[in-house]
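Asker: Sending over a structure as C-alpha cells; questions will come in a sec.
Residue numbers (my numbering), protein chains in the order written: chain H, 268 to 493; chain A, 268 to 493.
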C-alpha cells in the first residue's frame, strides 16, 4: 500500500459501474478508503466485484456486514421476483430497499467519525436511475446537514462533506468519464438478478440502464449477458 | 395484546428512565410498538429493563441486533473505563458512542417504512444530559427532514414525525411527569457501569443525572446503588 500525503476520504464501493467511477474521481484528490456493505443482498456478485476493484486500485476495502433482509419488502433482499423490462422512472420499484442509503451513510459516518475522515463519496445519480428517493440531491443535502449536527467530530471547524460527483450526469456521461479515467468496467457488476455463474440478466432496471448507457456513449459494454 | 383503534407509533425503548417516560406519554395518543437495540453495549441490564417495561405495559418489543462495538472509541462499547464523578456538560465525554442515535433512528426508519408507521418517539433530552450532539433538537429536526426526503413511504401526503416530548424538560420534570403517568421507575436502568449483580455505580454521568433528578423532584429514587 503506497503512503500518500493526500487527505483521506471514504468511497462507498458497491462493485457497480457508478461507484467504480466515483472511486477514480476521488483518487485524483484524495487517498481513498473504501467501504462495502454486505447487507443481505441476493446478488453477492457485486461484493466480489468491489473486492476486485479495490485490489486493482490498491486501496483498502472495509466490508461492513449488516442485515437489511430483516426488514424485507424488497426484491433485492427477499424472495420477490426482480421485475424485468419495466418502464423505468414511472414509479419507485420493488427493488427499492427501505432506507438503504440512510443506513449505509449512517454506518459510513460512524466509520468516518472514528477515523476522523470528513469527506465521503457516494455514487448516487438522479438522472438515469430507478427513482429511489434516497438517490436524489435533496436527500444527500439533508443527510449532510444531519451528519454535521449529530456528530462529535463535526462540532469544530471541519465539516462533513458528502460528495456526489455523478448526481447530475447521464449514464453515458458517467461511462465516458470513467473510460477517460481508466476505469475497467469489465470488473464492475450491475445486474440485480444474475445467473448462478454470474451472467447478467440484461432485463432488470440495472442492466437496462447500463446497456443503454454504453450504447449512448458509443462504447462497447464488456458485460456478459445471458 | 389488546387491539386498539389508535394510530400506531414507534417508541425507542432503551430501558432507561427517559424512554420509559416517553412510552407512557406516547400511549396516551398512540398504539405503541417498541424497538430496543442490542448494539454491543457493555451494560446489558438496560435491555432486560426494556423487556420488563414492555411486558408491564402490554406492548410488543422488537429487539434489533447491530454491532456498534466494531467502531470502538466509546466507554459504552469498549474496554475503556467509564468516567466517574466528572463535570457534566463541560465537554462531550468518552461515553459518547459515535453516530449511535443516527444509526438507531435509521433502523427505526426502515422498520417504520416497512410497517407504514409515521410517528416515532425518542427520549432525547438536551437539558440534563451529557452533551451528546445527537440528543440536541437541531439534530432531530435535521434527521426528520432527511427521513422525509429519503424514504418511499413519505413521498405522499403523510410525513414522518420524530416526537421528542422530553427535549426541553429537566430530569426532575421528566420524573414528575412520569410519576403522574404511572411509570414504575424501579423497572428502569440508567447506570453505564453496573456491578455484575446489576447494582448501579452511583458515580457515572447517568447515575449522577438520575440521582439529582429524583432529589430535585423530591421523589425517592427506587434504584439500588452500590
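Every residue gets a Cβ at the ideal spot worked out from N, C-alpha and C, and that includes glycine.
Which same chain residues, not among the five before or five after residue 442 of chain A, have their C-beta less than 8 Å away from its C-beta?
Answerer: In the second chain, counting from the first residue as 1, residue 442 of chain A sits at position 175. Cβ neighbours of residue 442 of chain A beyond the five flanking positions: 284, 288, 452, 480, 481, 484 and 486.
Asker: For residue 295 of chain A, does the count of other Cβ atoms within 10 angstroms reach 16, so buried, or fall short, so exposed?
Answerer: For this step, residue 295 of chain A is matched to residue 28 along the second chain. Flag for residue 295 of chain A reads exposed.
Asker: Can you say whether residue 419 of chain H is buried or exposed, counting buried as having 16 or more other CB atoms within 10 angstroms of its CB?
Answerer: By one-based count along the first chain, residue 419 of chain H stands at place 152. Buried is the call here.
Asker: Against chain H, does residue 417 of chain A count as a neighbour if the rule is that its beta carbon must be under 8 Å from one of theirs?
Answerer: Numbered from its first residue, the second chain carries residue 417 of chain A at position 150. For residue 417 of chain A, the answer is yes, since a Cβ of chain H falls inside 8 Å of its Cβ.
Asker: Give the list of continuous alpha helix (DSSP H) stretches no shorter than 4 residues that lie fully inside the segment 303 to 388 of chain H.
Answerer: Within the segment 303 to 388 of chain H, the complete alpha helix (DSSP H) runs of at least 4 residues are 312 to 323 and 367 to 382.
Asker: Mind checking residue 447 of chain H: buried by the 16 CB within 10 Å criterion, or exposed?
Answerer: Indexing the first chain from 1 puts residue 447 of chain H at position 180. The residue in question, residue 447 of chain H, is exposed, as its Cβ has fewer than 16 Cβ neighbours within 10 Å.
Asker: Leaving out five residues before and five after residue 384 of chain H in sequence, what residues of the same chain have Cβ atoms less than 8 Å from its Cβ?
Answerer: Your numbering for residue 384 of chain H matches position 117 in the first chain. 275, 276, 277, 300 and 378, listed in sequence order.
Asker: Starting from residue 474 of chain A, follow the beta strand (DSSP E) in both directions and report where the run begins and ends.
Answerer: Looking up residue 474 of chain A in the second chain gives position 207. Residue 474 of chain A -> not in any beta strand (DSSP E); alpha helix (DSSP H) instead, spanning 472 to 484.
Asker: Can you list, in chain order, the residues of its chain with a C-beta nearer than 6 Å to that of residue 407 of chain H? Leave out the 5 residues immediately preceding and following it.
Answerer: For the purposes of this step, residue 407 of chain H is taken as residue 140 along the first chain, with counting starting at 1. Contacts found: 429 and 431.
Asker: I think residue 456 of chain H touches residue 313 of chain H, with their Cβ atoms under 8 Å apart; what is that distance to the nearest whole Å?
Answerer: Walking along the first chain from the start, residue 456 of chain H turns up at place 189. Walking along the first chain from the start, residue 313 of chain H turns up at place 46. So it is a contact: roughly 5 Å between Cβ atoms.
Asker: Am I right that residue 374 of chain H and residue 320 of chain H are in contact with their C-beta atoms under 8 Å? What's the rounded C-beta distance?
Answerer: Here residue 374 of chain H is taken as the residue at index 107 of the first chain, counted from 1. Here residue 320 of chain H is taken as the residue at index 53 of the first chain, counted from 1. Actually they do not touch by this definition, with Cβ atoms about 20 Å apart.
Asker: Are there 16 or more other CB atoms within 10 angstroms of the CB of residue 411 of chain H, so buried, or fewer, so exposed?
Answerer: Taking the first residue of the first chain as position 1, residue 411 of chain H is located at position 144. Its Cβ being crowded by 16 or more others within 10 Å, residue 411 of chain H is buried.
Asker: Which class does residue 467 of chain H belong to by DSSP, given the choice of helix, strand or coil?
Answerer: Within the first chain, the letter at position 200 stands for residue 467 of chain H. Correct three-state label for residue 467 of chain H: strand.
Asker: Excluding the five sequence neighbours on either side, which residues of its own chain have a C-beta within less than 8 Å of the C-beta of residue 315 of chain H, listed in chain order?
Answerer: The residue labelled residue 315 of chain H in the question sits at position 48 within the first chain. Correct list, in chain order: 282 and 456.
Asker: Looking at the unbroken alpha helix (DSSP H) that takes in residue 427 of chain A, where does it start and where does it end?
Answerer: As a position in the second chain, residue 427 of chain A is number 160, starting the count at 1. First-last for residue 427 of chain A: undefined, no H or E at that position.
Asker: What do you reckon, are the CB atoms on residue 415 of chain H and residue 421 of chain H nearer than 8 Å?
Answerer: Here residue 415 of chain H refers to the residue found at position 148 of the first chain. Here residue 421 of chain H refers to the residue found at position 154 of the first chain. Cβ atoms of residue 415 of chain H and residue 421 of chain H: closer than 8 Å.
Asker: Could you check what DSSP says for residue 233 of chain A in three-state terms: helix, strand or coil?
Answerer: Past the edges of chain A, shown from 268 to 493, lies residue 233 of chain A, and the structure says nothing about it.
Asker: Apart from the five residues just before and just after residue 426 of chain H, which ones in its own chain have a Cβ nearer than 8 Å to its Cβ?
Answerer: In the first chain, counting from the first residue as 1, residue 426 of chain H sits at position 159. Once the five neighbours on either side are set aside, the close Cβ partners of residue 426 of chain H are 385 and 415.
Asker: Measuring CA to CA, which of H/344, H/363 and H/369 is closest to residue 308 of chain H?
Answerer: Residue 308 of chain H sits at position 41 when you count from the first residue of the first chain. The residue with the shortest Cα to Cα distance from residue 308 of chain H is H/344.
Asker: Verify the CB distance criterion: does residue 385 of chain H have a CB-CB separation below 8 Å to chain A?
Answerer: To locate residue 385 of chain H, count along the first chain from 1; it is residue 118. No, because no Cβ of chain A sits closer than 8 Å to the Cβ of residue 385 of chain H.
Asker: Among A/475, A/468 and A/467, which has the Cα closest to the Cα of residue 439 of chain A?
Answerer: Here residue 439 of chain A is taken as the residue at index 172 of the second chain, counted from 1. Residue A/475 is the option with its Cα nearest to residue 439 of chain A.
Asker: Hey, does residue 349 of chain H have any beta-carbon neighbour from chain C nearer than 8 Å?
Answerer: No chain C appears in this structure, whose protein chains are H and A.
Asker: Which residues of chain H have a Cβ atom closer than 7 Å to the Cβ of residue 412 of chain A, listed in chain order?
Answerer: Stepping through the second chain from its first residue, residue 412 of chain A is reached at position 145. 409, listed in chain order.
Asker: Listed in chain order, which residues of the segment 460 to 482 of chain A have Cβ atoms closer than 7 Å to some Cβ of chain H?
Answerer: For the segment 460 to 482 of chain A, which is checked against every Cβ of chain H, not one residue is closer than 7 Å.
Asker: State the DSSP-derived secondary structure class of residue 278 of chain A, mapped to helix, strand or coil.
Answerer: As a first step, residue 278 of chain A is located in the second chain; it is residue number 11 there, counting from the start. Here residue 278 of chain A sits in strand by DSSP.
Asker: Just to confirm my understanding: we take residue 397 of chain A, look at its own chain, exclude 5 residues before and 5 after, and list those with CB closer than 7 Å. What are they?
Answerer: Position 130 of the second chain, counting from 1, holds the residue named residue 397 of chain A. Taken in chain order, the residues that qualify are 355, 360, 362 and 472.
Asker: Using a Cβ-Cβ cut-off of 8 Å, state whether residue 333 of chain A counts as contacting chain H.
Answerer: Indexing the second chain from 1 puts residue 333 of chain A at position 66. Taking Cβ atoms only, chain H reaches closer than 8 Å to residue 333 of chain A, which makes this a yes.
Asker: Nearest CA to the CA of residue 462 of chain H: which residue from H/489, H/450, H/493 and H/470?
Answerer: The sequence position of residue 462 of chain H within the first chain is 195, counting from 1. Minimum Cα distance to residue 462 of chain H is reached at H/493.
Asker: Is there at least one Cβ from chain H nearer than 8 Å to residue 422 of chain A's Cβ?
Answerer: Working through the second chain from its first residue, we reach residue 422 of chain A at position 155. It does; some Cβ of chain H falls within 8 Å.
Asker: Within 8 Å of any Cβ in chain H, is that where the Cβ of residue 306 of chain A sits?
Answerer: Reading the second chain from its first residue, position 39 is the one you call residue 306 of chain A. For residue 306 of chain A, the answer is no, since every Cβ of chain H falls outside 8 Å of its Cβ.
Asker: Over what stretch of residues does the alpha helix (DSSP H) that includes residue 285 of chain A continue unbroken?
Answerer: In the second chain, counting from the first residue as 1, residue 285 of chain A sits at position 18. First-last of the alpha helix (DSSP H) with residue 285 of chain A: 284 to 296.
Asker: Express the C-alpha separation of residue 335 of chain A and residue 297 of chain H in angstroms, rounding to a whole number.
Answerer: Within the first chain, the letter at position 30 stands for residue 297 of chain H. Within the second chain, the letter at position 68 stands for residue 335 of chain A. Near 27 Å, if we compare the C-alpha coordinates of residue 335 of chain A and residue 297 of chain H.
Asker: Listing by chain order, which chain H residues have their CB less than 8 Å from the CB of residue 405 of chain A?
Answerer: Within the second chain, the letter at position 138 stands for residue 405 of chain A. Ordered by position in chain H, the residues that pass the 8 Å Cβ test against residue 405 of chain A are 416.
Asker: Can you name the residues that DSSP bridges to residue 300 of chain H?
Answerer: As a position in the first chain, residue 300 of chain H is number 33, starting the count at 1. According to DSSP, residue 300 of chain H bridges with H/277 and H/327.
Asker: Shortest alpha-carbon distance to residue 459 of chain A belongs to which of A/346, A/366 and A/392?
Answerer: Sequence index remark: in the second chain, residue 459 of chain A carries index 192 (1-based). Among A/346, A/366 and A/392, the Cα nearest to that of residue 459 of chain A belongs to A/346.
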